[in-house]
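Q:
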Amino acid sequence: EAQVTQNPRYLITVTGKKLTVTCSQNMNHEYMSWYRQDPGLGLRQIYYSMNVEVTDKGDVPEGYKVSRKEKRNFPLILESPSPNQTSLYFCASSLTSGRKFFGPGTRLTVL
Amino acid sequence: RKEVEQDPGPFNVPEGATVAFNCTYSNSASQSFFWYRQDCRKEPKLLMSVYSSGNEDGRFTAQLNRASQYISLLIRDSKLSDSATYLCAVTFMDTGRRALTFGSGTRLQVQP
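Protein sequence lines correspond, in order, to chains B and C.
Throughout the first sequence, residue numbering follows our numbering, covering 62 to 172 in sequence.
Throughout the second sequence, residue numbering follows our numbering, covering 64 to 175 in sequence.
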């Protein structure tokens with residue numbers, strides 16, 4: 062089954078404790094991206110990747126890192142999480158930058 | 064001004080009603096247009112792409128008005144299962160890359 066998976070689905074952590082949210086797709090898509098969704102602000106792109114070892118900042122990259130060592134994986138790293146990073150996070154993949162397939166989401170709470 | 068704007072709603076309509084949403088975009092060079100559906104606490108899923116000539120998929124009709132820079136989604140004969148948030152998405156060129164920008168979504172509640 063074609064899908065995008067994310068882990069963990071839910072995470073409660075404390076300020077400053079490094080965390081990684083994994084994302085994997087099995088559709089051989091070149092494009093992958095991370096979004097956060099907040100009430101009233103909609104989906105905002107954090108980082109995107111056009112291919113292996115090619116990543117770039119989206120609209121709200123501050124406080125996040127990504128890597129793309131393999132085509133299928135695109136982890137999101139929060140080196141020192143802060144409460145303003147409490148949000149719902151979605152990973153997405155696509156053949157181009159158009160139509161996207163989203164993962165199920167990761168609900169992160171930073172205390 | 065937001066690049067993609069939608070009325071947040073909620074739109075409360077009875078079953079069987081016809082409802083229409085609009086989405087305006089600010090960049091006249093926008094290239095591709097989509098409607099996504101998002102159920103509560105779930106991921107967005109593509110509902111339909113929007114083509115220049117307009118397109119229909121069952122009870123759903125999407126239209127593009129480039130002159131006025133908006134896209135629309137029409138849902139006929141609303142079902143309870145249509146209750147969701149509908150997100151529009153627009154691609155445009157931004158500093159050399161094609162960026163897909165989402166609206167904040169319009170919430171639809173279909174009532175029995």
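The beta-carbon is built from N, C-alpha and C at its ideal position, and this holds for glycine as well.
CB C:Cys151 to CB C:Cys103, shorter than 7 Å?
A: In this structure, C:Cys103 does not lie closer than 7 Å to C:Cys151 by Cβ.
Q: Which chain C residues are close to B:Gly159, counting only those with a beta carbon under 7 Å from its beta carbon?
A: Within 7 Å Cβ-Cβ: Ser95, Thr154 and Leu163.
Q: I'd like to know whether the C-beta of B:Pro165 is nearer than 7 Å to at least one C-beta of chain C.
A: Interface residue, yes.
Q: Give the range of the beta strand (DSSP E) segment to which C:Thr124 is assigned.
A: Residues Phe123 to Asn128.
Q: Quick one: measure Cβ to Cβ for C:Val67 and C:Phe165, integer angstroms, because I've assumed they're closer than 8 Å.
A: About 6 Å; that satisfies the 8 Å criterion.
Q: Measuring only between beta-carbons, confirm whether B:Phe135 sits less than 7 Å from chain C.
A: By this cut-off, B:Phe135 is not an interface position.
Q: Shorter than 7 Å from the beta carbon of C:Ser91 to some beta carbon of chain B?
A: Chain B contact via Cβ: absent.
Q: Would B:Gly55 and B:Tyr108 qualify as a contact pair, given that the criterion is a beta-carbon distance under 7 Å?
A: Residue numbering for chain B in the displayed model covers 62 to 172; residue 55 of chain B lies beyond these limits and cannot be assessed.
Q: Cβ of B:Leu169 less than 7 Å from any chain C Cβ?
A: Answer no: the Cβ-Cβ gap between B:Leu169 and chain C never drops below 7 Å.
Q: Just the C-alpha distance for B:Leu172 and C:Leu110, rounded to the nearest angstrom, thanks.
A: So the two alpha carbons sit approximately 36 Å from each other.
Q: Grouping DSSP H, G and I as helix and E and B as strand, with all else coil, what is C:Asp120?
A: Strand.
Q: Closer than 8 Å is the cut-off here; do at least three beta carbon pairs connect the region 78 to 95 of chain C with the region 87 to 104 of chain B?
A: Touching, no.
Q: B:Thr167 to B:Leu104, Cα distance in whole Å?
A: Straight-line Cα distance between these residues: approximately 13 Å.
Q: Determine, using beta carbons only, whether B:Gln86 and B:Pro165 come nearer to each other than 7 Å.
A: Not closer than 7 Å, so no.
Q: Please compile the residues from chain B whose C-beta is within a distance smaller than 7 Å of the C-beta of C:Leu109.
A: Arg160, listed in chain order.
Q: Could you give the DSSP three-state label for C:Asp70: helix, strand or coil?
A: Correct three-state label for C:Asp70: coil.
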